[in-house]
Amino acid sequence: MYAVTSLAAEQAPPARVAQLIRGHWTVEALHHIRDVTFAEDASQLRTGNAPQAMATYRNLAIGALRLVGVRNIAAGLRRTARDQTRTLTHLGLT
31 MYAVTSLAAE
41 QAPPARVAQL
51 IRGHWTVEAL
61 HHIRDVTFAE
71 DASQLRTGNA
81 PQAMATYRNL
91 AIGALRLVGV
101 RNIAAGLRRT
111 ARDQTRTLTH
121 LGLT
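Here my numbering is used: position 6 in the sequence shown is 36, and no number is missing along the way.
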C-alpha cells in the first residue's frame, strides 16, 4: 500500500500512518452509504445550508438505524418506511 502525507518522517511512523488511513476509510465508508443509499452525489441542493442540513439528516437516519442494530441501511430504510410508527419506536419516542 502507498500513502502520501505532508507529515515529516519523525511525525509519521508506520503505526501513525496506518491509523490515519483507517480513519480516512471510516469516513469514506459513511460517504459511500450516503451516496449509494441516498444518491447524495446526485443531489441538486448546492446552495446555502441545504447540503449540510441534508447530510446531517442522512447521518441521523444512518445513526438511528445502526443504534437499533440495522446493518443494511437501505433495507432498514425500506422497512422503516413501511410503518410510520417504527421510526418513533427506534428513537424511543413511543
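Backbone N, C-alpha and C define an ideal beta-carbon position, used for all residues, glycine too.
{"Asked": "Residue environment, Ala91, which counts as buried when at least 16 other CB atoms sit within 10 Å", "Found": "buried"}
{"Asked": "Minimum length 4: unbroken alpha helix (DSSP H) runs contained in the region 33 to 110", "Found": "44 to 68, 80 to 97"}
{"Asked": "Separation of Arg76 from Gly122, as counted between CA atoms", "Found": "33 Å"}
{"Asked": "Cα-Cα separation, Thr117 to Arg108", "Found": "11 Å"}
{"Asked": "For Thr86, the nearest candidate out of Arg64, Ala104, Gln74 (CA to CA)", "Found": "Arg64"}
{"Asked": "Neighbourhood of His120 by C-beta, 8 Å cutoff - its chain only, sequence neighbours within 5 removed", "Found": "Ala94, Leu95, Leu97, Val98, Thr110"}
{"Asked": "Nearest-angstrom Cβ-Cβ length linking Ile103 and Thr67, presumed shorter than 8 Å", "Found": "5 Å"}
{"Asked": "Rounded C-alpha distance that separates Arg112 from Val100", "Found": "16 Å"}
{"Asked": "Reduced DSSP secondary structure (H/G/I, E/B, other) of Arg112", "Found": "coil"}
{"Asked": "C-alpha distance - Ala80 paired with His62, whole-angstrom precision", "Found": "20 Å"}
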